[in-house]
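See below for the structure under consideration.
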């Protein structure tokens with residue numbers, strides 16, 4: 001009886017490698033095109049639809065499993081004008097919560113939304129000096145388009161200390177009483193205090209223009 005039991009164990013162990021080999025066989029070539037097509041369609045799907053509108057908060061539902069990243073800009077149309085939304089949260093079930101950068105009056109469910117694949121970018125450079133723009137980089141000072149050749153995202157990491165200037169310089173404002181009596185340090189911070197109606201807002205506007 002002992003010898004027969006040992007023989008059965010040896011025969012069972014001899015059959016195990018074949019069973020394991022069948023279990024770890026690769027996927028048949030016939031399934032490869034279907035799988036690759038499925039994942040390719042999921043990765044290329046960056047369009048969604050308006051799911052819910054609550055004031056400036058807009059929920060967008062995407063058909064695929066790939067969702068836009070947090071802080072990405074997605075665009076839609078509202079009344080013939082482009083409306084930019086910023087992704088703020090992933091709610092689950094392929095729904096993302098966005099914040100509208102403009103009014104949402106007239107925005108309805110089912111409207112198509114396109115993921116730009118990047119955060120909101122605004123023009124930067126000398127052409128922006130003295131100009132007024134909104135958060136999406138569009139000029140709102142009625143002085144025509146901004147002549148800038150470079151765009152920068154509104155969300156960026158702070159520069160490294162090695163990249164910052166260590167020299168002490170004076171910020172020339174062009175306002176004589178400030179530059180003479182209380183000059184501002186370039187790159188620093190300063191508080192502006194005053195009573196009501198003394199011109200704090202006008203003073204700040206002059207600094208912006210200059």
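In full-length UniProt numbering, the protein residues as written are 1 to 210.
Even for Gly, the Cβ is constructed at its ideal location relative to N, Cα and C.
Grab me the residues of residue i's own chain with a C-beta within less than 7 Å of its C-beta, minus the 5 sequence neighbours each way, in chain order.
i           : result
residue 40  : Note that residue 40 has pLDDT 36, beneath the 50 cutoff, so the model's placement of it is unreliable and the number below is only indicative. For residue 40, where only same-chain residues beyond five positions count, there are no Cβ hits under 7 Å.
residue 190 : 184
residue 179 : 172, 173
residue 112 : 47, 49, 76
residue 186 : 169, 170, 171
Under three-state DSSP, which class holds residue i?
i           : result
residue 84  : strand
residue 200 : helix
residue 147 : coil
residue 153 : strand
residue 175 : coil
residue 190 : coil
residue 206 : helix
residue 180 : helix
residue 102 : coil
Would you mind stating whether residue i and residue j have Cβ atoms separated by less than 8 Å?
i           : j           : result
residue 87  : residue 71  : yes
residue 124 : residue 156 : no
residue 120 : residue 132 : no
residue 101 : residue 74  : no
residue 209 : residue 130 : yes
Given that a residue counts as buried once 16 or more other Cβ atoms are within 10 Å of its Cβ, and exposed if not, what is residue i?
i           : result
residue 192 : exposed
residue 76  : buried
residue 67  : buried
residue 162 : exposed
residue 108 : exposed
Could you name the residues of the same chain whose beta carbon sits closer than 6 Å to that of residue i, not counting the 5 residues immediately before and after it, in chain order?
i           : result
residue 170 : 183
residue 134 : 140
residue 96  : 60, 67, 87, 90
Have a look at residue i and residue j and give me their C-alpha separation to the nearest angstrom.
i           : j           : result
residue 137 : residue 54  : 25 Å
residue 115 : residue 174 : 44 Å
residue 147 : residue 201 : 27 Å
residue 117 : residue 142 : 30 Å
residue 79  : residue 92  : 29 Å
residue 197 : residue 81  : 38 Å
residue 206 : residue 159 : 28 Å
residue 215 : residue 51  : Residue numbering for the chain in the displayed model covers 1 to 210; residue 215 lies beyond these limits and cannot be assessed.
residue 188 : residue 127 : 24 Å
residue 181 : residue 106 : 53 Å
residue 165 : residue 94  : 45 Å
Keeping to the same chain, check which residues put their C-beta closer than 8 Å to that of residue i; ignore five residues upstream and five downstream.
i           : result
residue 150 : 123, 124, 125
residue 99  : 56, 57, 58, 85, 86, 88
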